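Working notes, structure below.
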Amino acid sequence: MSLSHHFLRTTRTVHLYLGIFTAPMLLFFAITGGLQSFGLHEGSRGSSYAPPAWLASMAQLHKKQTTVMPVRRPRPPEVQVAASNPDAAAAKPSVDAPIEARATTSANQPAERADAKPKKNLLPMKIFFGLVSLGLLTSVLSGLYMAWRYSRKPRLFGTVLFAGISVPLLLLLF
């Protein structure tokens, strides 16, 4: 057997078993990333939507590698008043601001709002990334199927796949 043939065979074997080992986490990232693209993992301010606890926990694991959810601090009373009545908040400058800044702040508010850029429509990009997540999910699942179906060592396939599932779960304990 030539050196290049041996190298290619070794490379295929390494690729096969690394792919099997990493497939469970790729599936996890594809699913949670797709859900995060649409913001389903967090509730927005002023919305009654509250994400399921499992989804928020999985999103936290995806982003921060921990399932511990940070405690959200309550909003200060001034901010809550400003959020409920934006015109009153714009007219009322900060008490700590200098007098000149207070005068210019209230005078410049309408001009800043008029110059504000219109919000971009993010839905097409969200749909695109949702489709990318779906493509990754399909690709990994078909790769796992082909690796299992055409494997000469199905027991080794199962062992490596089990390791790919159990190692991240065991690492959560630390």
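Taking our numbering, the leading residue of the sequence shown gets 24, the next gets one more, and so forth.
C-beta atoms are modelled at their ideal positions from N, C-alpha and C, and glycine is treated no differently.
Given the structure is predicted, the values throughout are model-derived calculations rather than measurements.
Pairwise C-alpha distance: residue j and residue i
i: T90; j: K142; result: 33 Å
i: L41; j: G153; result: 25 Å
i: G158; j: I188; result: 21 Å
i: P100; j: G181; result: 56 Å
i: G56; j: V183; result: 24 Å
i: M222; j: R32; result: Here the chain has residues from 24 to 197 only, and residue 222 is not among them.
i: P93; j: Q83; result: 9 Å
i: K140; j: I54; result: 33 Å
Of the residues the options, the one placed nearest residue i, counting alpha carbons only
i: T36; options: L145, L192, K176 and T55; result: K176
i: R68; options: F44, R95 and Q88; result: R95
i: W171; options: T33, L49, M148 and L39; result: L39
i: F52; options: M148, T161, Y173 and S25; result: T161
i: V190; options: L167, A82, I43 and F30; result: I43
i: L195; options: H85, E65 and S71; result: H85
i: I150; options: P47, S60, H28 and L49; result: S60
i: G62; options: L145, Q88, G166 and R178; result: L145
i: F10; options: F30, Q88, S71 and H28; result: No answer is possible for residue 10: it lies beyond the span of the chain, which begins at 24 and ends at 197.
i: L192; options: F30, M24, Y173 and M48; result: M48
Residue i: first and last residue of the uninterrupted alpha helix (DSSP H) it sits in
i: R32; result: L26 to S60
i: S189; result: P177 to L194
i: L145; result: Unbroken run through L145: none, as it is neither H nor E.
Expected contact under 8 Å - CB spacing of residue i and residue j to nearest Å
i: L26; j: L58; result: Rounded, the Cβ-Cβ distance is 47 Å, inconsistent with contact.
i: L50; j: V163; result: 5 Å
i: G66; j: A76; result: No, G66 and A76 are not in contact; Cβ-Cβ is about 12 Å, not under 8 Å.
i: L179; j: A46; result: Not a contact, Cβ separation roughly 14 Å.
- Starting from the N-terminal side, write out each stretch of the alpha helix (DSSP H) that is 4 residues or longer and does not extend beyond the stretch 67-95. 76-87
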